[in-house]
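**Student:** For the sequence shown, my numbering puts the final residue at 270, and the numbers step up evenly by one.
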Amino acid sequence: MTEPQTHRTFEDLVAEGAAVPTEGWDFSWFDGRATEARPTWGYARAAGRRLARASAALDIQTGGGEVFDFALGTAAPDRPRLLAATEGWPPNVTKASALLSARGAVVVALPEDAPLPFADETFDLVLSRHPVRAHWAEIARVLCPGGTYFAQHVGPASVFELVEFFLGPQPEAVRGGRHPDGERAAAEAAGLEVVGLRAERLRMEFHDIAAVVYFLRKVVWMVPGFTVEEYEPRLRALHRRIETEGPFVAHSSRHLFDARRPARRP
(Lines of atoms letter the chains of each structure in order from A and count residues from 1; the text may use other names and numbers.)
(Lines give C-alpha, C1' and ligand atoms only; values in the text may rest on other atoms or scores of the structure.)
Protein backbone atom coordinates (compact mmCIF):
# COMPACT_ATOMS: atom_id res chain seq x y z
CA MET A 1 0.00 0.00 0.00
CA THR A 2 1.37 3.42 -1.00
CA GLU A 3 1.67 5.87 1.83
CA PRO A 4 -0.03 9.24 1.29
CA GLN A 5 2.32 12.01 0.08
CA THR A 6 3.32 14.37 2.87
CA HIS A 7 2.24 17.96 2.33
CA ARG A 8 5.31 20.03 1.55
CA THR A 9 5.70 23.49 3.02
CA PHE A 10 6.50 26.67 1.15
CA GLU A 11 9.94 26.73 2.77
CA ASP A 12 10.71 23.15 1.68
CA LEU A 13 9.69 23.76 -1.91
CA VAL A 14 11.55 27.04 -2.23
CA ALA A 15 14.70 25.50 -0.76
CA GLU A 16 14.48 22.66 -3.28
CA GLY A 17 14.04 25.01 -6.25
CA ALA A 18 16.93 27.14 -5.02
CA ALA A 19 19.31 24.19 -4.74
CA VAL A 20 19.07 22.72 -8.25
CA PRO A 21 22.14 23.44 -10.46
CA THR A 22 21.31 25.75 -13.37
CA GLU A 23 24.04 25.02 -15.94
CA GLY A 24 23.07 23.61 -19.32
CA TRP A 25 19.70 23.45 -21.05
CA ASP A 26 18.52 20.10 -19.70
CA PHE A 27 15.03 20.74 -18.33
CA SER A 28 14.32 17.17 -17.21
CA TRP A 29 14.13 18.28 -13.55
CA PHE A 30 10.78 19.87 -14.39
CA ASP A 31 9.18 16.48 -15.16
CA GLY A 32 5.99 16.27 -13.08
CA ARG A 33 6.43 19.83 -11.80
CA ALA A 34 5.98 21.98 -14.92
CA THR A 35 4.97 21.43 -18.52
CA GLU A 36 5.42 23.32 -21.78
CA ALA A 37 3.86 22.44 -25.11
CA ARG A 38 6.42 22.03 -27.90
CA PRO A 39 6.30 23.81 -31.28
CA THR A 40 4.87 21.67 -34.04
CA TRP A 41 7.98 22.02 -36.21
CA GLY A 42 10.26 19.94 -33.92
CA TYR A 43 13.37 22.13 -34.06
CA ALA A 44 16.06 19.65 -32.95
CA ARG A 45 15.07 16.95 -35.44
CA ALA A 46 14.63 19.52 -38.21
CA ALA A 47 18.11 20.85 -37.42
CA GLY A 48 19.42 17.28 -37.63
CA ARG A 49 18.07 16.98 -41.17
CA ARG A 50 19.87 20.21 -42.11
CA LEU A 51 23.10 18.98 -40.51
CA ALA A 52 22.98 15.78 -42.56
CA ARG A 53 23.27 17.93 -45.72
CA ALA A 54 25.83 20.46 -44.45
CA SER A 55 29.63 20.45 -44.74
CA ALA A 56 30.43 23.07 -42.06
CA ALA A 57 28.08 24.03 -39.22
CA LEU A 58 28.07 26.46 -36.31
CA ASP A 59 25.71 26.46 -33.30
CA ILE A 60 25.51 29.90 -31.69
CA GLN A 61 24.87 30.23 -27.93
CA THR A 62 24.73 26.45 -27.57
CA GLY A 63 24.03 26.43 -23.81
CA GLY A 64 25.20 23.10 -22.44
CA GLY A 65 25.26 21.69 -25.98
CA GLU A 66 22.30 19.35 -25.38
CA VAL A 67 20.18 20.43 -28.37
CA PHE A 68 23.13 20.56 -30.77
CA ASP A 69 24.27 17.14 -29.56
CA PHE A 70 20.80 15.66 -30.12
CA ALA A 71 20.59 17.16 -33.61
CA LEU A 72 24.04 15.80 -34.49
CA GLY A 73 22.95 12.39 -33.24
CA THR A 74 19.98 12.36 -35.60
CA ALA A 75 22.24 13.45 -38.49
CA ALA A 76 24.90 10.76 -37.92
CA PRO A 77 26.79 9.45 -39.78
CA ASP A 78 26.26 12.24 -42.33
CA ARG A 79 27.23 15.12 -40.08
CA PRO A 80 29.42 18.02 -41.26
CA ARG A 81 33.20 17.71 -41.45
CA LEU A 82 33.60 21.05 -39.60
CA LEU A 83 31.64 21.60 -36.39
CA ALA A 84 31.83 24.53 -33.99
CA ALA A 85 29.72 26.08 -31.25
CA THR A 86 29.85 29.24 -29.15
CA GLU A 87 28.73 29.84 -25.56
CA GLY A 88 29.21 32.69 -23.12
CA TRP A 89 28.49 31.33 -19.64
CA PRO A 90 31.55 29.49 -18.20
CA PRO A 91 29.63 26.58 -16.55
CA ASN A 92 27.87 25.96 -19.87
CA VAL A 93 31.15 26.17 -21.80
CA THR A 94 32.57 23.40 -19.64
CA LYS A 95 29.47 21.24 -20.01
CA ALA A 96 29.15 21.79 -23.77
CA SER A 97 32.84 21.10 -24.38
CA ALA A 98 32.63 17.76 -22.58
CA LEU A 99 29.45 16.77 -24.41
CA LEU A 100 30.25 17.95 -27.93
CA SER A 101 33.89 16.88 -28.13
CA ALA A 102 32.67 13.33 -28.73
CA ARG A 103 30.95 14.63 -31.87
CA GLY A 104 34.13 16.32 -33.08
CA ALA A 105 32.83 19.83 -32.35
CA VAL A 106 34.95 22.65 -30.97
CA VAL A 107 33.26 24.90 -28.37
CA VAL A 108 34.48 28.51 -28.27
CA ALA A 109 33.95 30.58 -25.10
CA LEU A 110 32.48 33.82 -26.41
CA PRO A 111 30.43 36.62 -24.78
CA GLU A 112 26.97 37.01 -26.31
CA ASP A 113 27.69 40.42 -27.86
CA ALA A 114 31.18 39.64 -29.20
CA PRO A 115 31.90 39.27 -32.93
CA LEU A 116 32.08 35.66 -34.08
CA PRO A 117 35.74 34.52 -34.15
CA PHE A 118 35.50 32.86 -37.55
CA ALA A 119 36.57 33.88 -41.04
CA ASP A 120 34.11 35.20 -43.60
CA GLU A 121 32.08 32.56 -45.45
CA THR A 122 33.15 29.67 -43.20
CA PHE A 123 29.83 27.85 -42.65
CA ASP A 124 27.05 26.67 -44.91
CA LEU A 125 24.77 26.17 -41.89
CA VAL A 126 24.40 28.30 -38.76
CA LEU A 127 22.05 27.12 -36.02
CA SER A 128 20.80 28.62 -32.78
CA ARG A 129 18.11 27.70 -30.30
CA HIS A 130 16.86 30.58 -28.15
CA PRO A 131 19.69 33.08 -28.68
CA VAL A 132 19.55 36.08 -26.36
CA ARG A 133 19.85 38.23 -29.47
CA ALA A 134 20.61 37.37 -33.09
CA HIS A 135 23.63 39.28 -34.40
CA TRP A 136 22.47 39.36 -37.99
CA ALA A 137 25.49 41.05 -39.56
CA GLU A 138 27.85 38.50 -38.00
CA ILE A 139 25.60 35.59 -39.00
CA ALA A 140 25.51 36.85 -42.58
CA ARG A 141 29.30 37.37 -42.59
CA VAL A 142 30.23 33.81 -41.56
CA LEU A 143 27.69 32.16 -43.86
CA CYS A 144 28.83 30.96 -47.26
CA PRO A 145 26.88 32.32 -50.23
CA GLY A 146 23.83 30.08 -50.41
CA GLY A 147 24.26 29.10 -46.74
CA THR A 148 21.40 28.95 -44.24
CA TYR A 149 20.60 30.30 -40.78
CA PHE A 150 18.11 27.91 -39.16
CA ALA A 151 17.04 28.83 -35.64
CA GLN A 152 14.29 28.81 -33.05
CA HIS A 153 13.89 32.17 -31.33
CA VAL A 154 11.98 33.27 -28.25
CA GLY A 155 9.16 35.56 -29.33
CA PRO A 156 7.38 38.58 -27.84
CA ALA A 157 5.82 38.56 -24.35
CA SER A 158 7.01 35.01 -23.71
CA VAL A 159 5.90 33.72 -20.27
CA PHE A 160 4.80 37.27 -19.45
CA GLU A 161 1.99 36.03 -17.23
CA LEU A 162 4.76 34.95 -14.84
CA VAL A 163 6.97 37.98 -15.49
CA GLU A 164 4.12 40.39 -14.74
CA PHE A 165 3.08 38.48 -11.63
CA PHE A 166 6.47 39.43 -10.18
CA LEU A 167 7.20 42.76 -11.90
CA GLY A 168 3.75 44.16 -12.59
CA PRO A 169 2.44 45.32 -15.99
CA GLN A 170 5.23 45.86 -18.49
CA PRO A 171 5.41 48.65 -21.11
CA GLU A 172 4.24 47.76 -24.59
CA ALA A 173 7.76 48.33 -25.91
CA VAL A 174 9.00 45.55 -23.60
CA ARG A 175 6.09 43.23 -24.32
CA GLY A 176 6.60 43.63 -28.06
CA GLY A 177 10.35 43.00 -28.07
CA ARG A 178 11.68 40.07 -30.13
CA HIS A 179 8.74 40.34 -32.53
CA PRO A 180 9.31 38.14 -35.59
CA ASP A 181 8.45 41.00 -37.96
CA GLY A 182 11.17 43.16 -36.42
CA GLU A 183 13.67 40.32 -36.57
CA ARG A 184 12.77 39.66 -40.20
CA ALA A 185 13.51 43.30 -41.03
CA ALA A 186 16.86 43.12 -39.20
CA ALA A 187 17.83 39.91 -41.01
CA GLU A 188 16.97 41.42 -44.38
CA ALA A 189 18.91 44.60 -43.53
CA ALA A 190 21.97 42.38 -42.98
CA GLY A 191 21.56 40.95 -46.48
CA LEU A 192 19.77 37.69 -45.68
CA GLU A 193 16.68 36.36 -47.45
CA VAL A 194 14.03 35.06 -45.05
CA VAL A 195 12.61 32.04 -46.85
CA GLY A 196 10.54 30.76 -43.91
CA LEU A 197 9.19 32.24 -40.67
CA ARG A 198 6.66 30.48 -38.42
CA ALA A 199 5.39 31.52 -35.00
CA GLU A 200 3.46 29.71 -32.26
CA ARG A 201 2.27 30.52 -28.74
CA LEU A 202 2.39 27.53 -26.39
CA ARG A 203 0.77 26.68 -23.06
CA MET A 204 2.94 26.29 -19.95
CA GLU A 205 1.90 25.10 -16.47
CA PHE A 206 3.80 25.44 -13.17
CA HIS A 207 2.58 22.88 -10.65
CA ASP A 208 4.53 24.02 -7.59
CA ILE A 209 6.56 26.99 -6.38
CA ALA A 210 9.82 25.00 -6.57
CA ALA A 211 9.41 24.88 -10.36
CA VAL A 212 8.86 28.64 -10.46
CA VAL A 213 11.98 29.32 -8.39
CA TYR A 214 14.11 27.04 -10.53
CA PHE A 215 12.75 28.50 -13.76
CA LEU A 216 13.47 32.09 -12.71
CA ARG A 217 16.99 31.12 -11.58
CA LYS A 218 17.68 29.31 -14.85
CA VAL A 219 16.09 31.75 -17.33
CA VAL A 220 17.66 34.81 -15.75
CA TRP A 221 16.31 37.42 -18.17
CA MET A 222 12.69 36.80 -17.16
CA VAL A 223 12.92 38.59 -13.81
CA PRO A 224 16.37 40.25 -13.85
CA GLY A 225 18.16 40.01 -10.53
CA PHE A 226 15.70 37.45 -9.17
CA THR A 227 16.45 36.12 -5.69
CA VAL A 228 14.23 34.21 -3.30
CA GLU A 229 14.86 36.77 -0.58
CA GLU A 230 13.85 39.81 -2.64
CA TYR A 231 10.72 38.22 -4.10
CA GLU A 232 9.66 36.17 -1.06
CA PRO A 233 6.25 37.95 -0.63
CA ARG A 234 5.30 37.35 -4.28
CA LEU A 235 6.54 33.76 -4.10
CA ARG A 236 4.34 33.16 -1.06
CA ALA A 237 1.35 34.67 -2.83
CA LEU A 238 1.93 32.49 -5.89
CA HIS A 239 2.39 29.40 -3.70
CA ARG A 240 -1.02 30.04 -2.09
CA ARG A 241 -2.58 30.59 -5.50
CA ILE A 242 -1.22 27.30 -6.87
CA GLU A 243 -2.40 25.42 -3.78
CA THR A 244 -5.94 26.84 -4.00
CA GLU A 245 -6.48 27.22 -7.75
CA GLY A 246 -4.16 24.65 -9.31
CA PRO A 247 -1.26 25.10 -11.77
CA PHE A 248 -0.18 28.59 -12.76
CA VAL A 249 -0.72 28.93 -16.52
CA ALA A 250 1.53 30.98 -18.80
CA HIS A 251 2.33 30.94 -22.50
CA SER A 252 5.70 30.79 -24.22
CA SER A 253 6.26 32.41 -27.60
CA ARG A 254 8.48 30.80 -30.24
CA HIS A 255 9.30 31.45 -33.88
CA LEU A 256 11.28 29.46 -36.40
CA PHE A 257 13.67 31.27 -38.73
CA ASP A 258 14.86 29.89 -42.05
CA ALA A 259 17.07 32.55 -43.63
CA ARG A 260 19.54 32.30 -46.49
CA ARG A 261 22.54 34.25 -47.66
CA PRO A 262 22.01 34.80 -51.38
CA ALA A 263 24.23 32.78 -53.68
CA ARG A 264 26.71 34.63 -55.84
CA ARG A 265 25.61 35.36 -59.35
CA PRO A 266 27.60 33.52 -62.03
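Just so you know, even glycine gets a beta-carbon here, dropped at the ideal spot from N, CA and C.
These numbers were taken from a predicted model, which means no experiment stands behind them.
1. What's the C-alpha gap between A161 and H183?
2. Looking only at its own chain, which residues have a Cβ that is under 7 Å from the Cβ of F170, when we skip the five neighbours before and after it?
3. Grab me the residues of R202's own chain with a C-beta within less than 7 Å of its C-beta, minus the 5 sequence neighbours each way, in chain order.
4. Between which two residues does the alpha helix (DSSP H) harbouring H11 extend?
5. Report the option in E192, T39, Y47 whose CA atom is closest to the CA atom of H139.
6. Under the assumption that A155 contacts P135 (Cβ atoms under 8 Å), give the Cβ distance between them as a whole number of angstroms.
7. Quick one: what does DSSP say G186 is sitting in, helix, strand or coil?
8. What would DSSP say about A51, mapped onto helix, strand or coil?
9. By alpha-carbon positions, which one of E247, D35, A267, A263 ends up nearest to T13?
10. Just to confirm my understanding: we take E165, look at its own chain, exclude 5 residues before and 5 after, and list those with CB closer than 6 Å. What are they?
11. Can you tell which of S256, F230, H211, R83 has its C-alpha closest to the C-alpha of D35?
12. Identify, in the order they occur along the chain, each residue of the same chain with its Cβ nearer than 6 Å to the Cβ of E209, setting aside the five sequence neighbours on each side.
13. Give the single residue among L103, R49, A41 whose Cα lies nearest to the Cα of T78.
14. Is it buried or exposed, A118, if we count other Cβ atoms within 10 angstroms and call 16 or more buried?
15. DSSP has H211 in a bridge; who is on the other side?
16. Determine which residues share a DSSP beta bridge with A89 and list them.
17. For T6, which of helix, strand or coil comes out of DSSP?
18. Going by beta carbon distance, what residues of the same chain come within less than 8 Å of I213, once the five residues before and after it are set aside?
19. Hey, G68 and E27: beta-carbon distance below 8 Å or not?
20. Where do the ends of the beta strand (DSSP E) carrying S132 lie?
21. In the structure shown, what three-state DSSP assignment does G21 receive?
22. Can you give the Cα-Cα distance for P173 and W225, rounded to whole angstroms?
23. Taking C-beta to C-beta, are F120 and E142 nearer than 8 Å?
24. Assign H11 to buried or exposed, taking buried as 16 or more other Cβ atoms, counted over all protein chains shown, within 10 Å of its Cβ.
25. Run through DSSP, which three-state label would A41 get?
26. Per DSSP, which one or two residues make a beta bridge with V198?
**Tutor:** Well, looking at it:
1. Within the sequence shown, numbered from 1, the residue matching residue 161 stands at position 157. Within the sequence shown, numbered from 1, the residue matching residue 183 stands at position 179. Cα-Cα distance, rounded: 9 Å.
2. Reading the sequence shown from its first residue, position 166 is the one you call residue 170. Only V227, Y235, R238 meet the Cβ criterion.
3. Counting from one through the sequence shown, the residue named residue 202 turns up at place 198. Excluding sequence neighbours, R202 sits near W45, H259, L260.
4. The residue labelled residue 11 in the question sits at position 7 within the sequence shown. Looking at the DSSP string, H11 is not in any alpha helix (DSSP H), and its letter there is neither H nor E.
5. Locating residue 139 in the sequence shown gives position 135, where the first residue counts as 1. Looking at the Cα atoms, E192 is the closest of the given residues.
6. Working through the sequence shown from its first residue, we reach residue 155 at position 151. Working through the sequence shown from its first residue, we reach residue 135 at position 131. About 7 Å; that satisfies the 8 Å criterion.
7. Numbered from its first residue, the sequence shown carries residue 186 at position 182. DSSP, read as helix, strand or coil, puts G186 in helix.
8. Here residue 51 refers to the residue found at position 47 when the sequence shown is read from its first residue. Helix.
9. Position 9 of the sequence shown, counted from the first residue, corresponds to residue 13. Nearest C-alpha to T13: E247.
10. On the sequence shown, residue 165 is found 161 positions in, with the first residue counted as 1. The answer, listed in chain order, is A254.
11. For the purposes of this step, residue 35 is taken as residue 31 along the sequence shown, with counting starting at 1. That would be H211, whose Cα lies nearest to the Cα of D35.
12. Sequence index remark: in the sequence shown, residue 209 carries index 205 (1-based). These residues qualify, in order along the chain: T39, P251, V253.
13. As a first step, residue 78 must be located in the sequence shown, where it is residue number 74. Ranking the options by Cα distance to T78, first place goes to R49.
14. Walking along the sequence shown from the start, residue 118 turns up at place 114. Exposed.
15. As a position in the sequence shown, residue 211 is number 207, starting the count at 1. DSSP output for H211 lists no bridge partner at all.
16. Translated into the one-based positions of the sequence shown, residue 89 becomes position 85. DSSP, once it has assigned bridges, lists D63, V111 as partnering A89.
17. Here residue 6 is taken as the residue at index 2 of the sequence shown, counted from 1. Confidence at T6 is low in this model, with a pLDDT of 35, below 50, so its placement is unreliable and the value that follows should be read with caution. Reduced to three states, the DSSP call for T6 is coil.
18. For this step, residue 213 is matched to residue 209 along the sequence shown. Result list for I213: F14, L17, V18, G21, L239, L242, H243, I246, in chain order.
19. The residue given as residue 68 occupies position 64 in the sequence shown. The residue given as residue 27 occupies position 23 in the sequence shown. Result yes, Cβ atoms of G68 and E27 sit closer than 8 Å.
20. The count along the sequence shown starts at 1 and reaches residue 132 at position 128. Unbroken beta strand (DSSP E) run through S132: 127-133.
21. Here residue 21 refers to the residue found at position 17 of the sequence shown. Of the three classes helix, strand and coil, the one that applies to G21 here is helix, per DSSP.
22. Stepping through the sequence shown from its first residue, residue 173 is reached at position 169. Stepping through the sequence shown from its first residue, residue 225 is reached at position 221. If I take the Cα positions, the gap works out to 16 Å.
23. Position 116 of the sequence shown holds residue 120. Position 138 of the sequence shown holds residue 142. Checking the sequence, you will find Leu at residue 120 rather than Phe. Yes, the Cβ-Cβ distance between L120 and E142 is below 8 Å.
24. For the purposes of this step, residue 11 is identified with residue 7 of the sequence shown, where counting begins at 1. Flag for H11 reads exposed.
25. As a first step, residue 41 must be located in the sequence shown, where it is residue number 37. In the structure shown, A41 sits in coil (DSSP, three-state: anything other than H, G, I, E or B).
26. Indexing the sequence shown from 1 puts residue 198 at position 194. V198 is bridged to A263.
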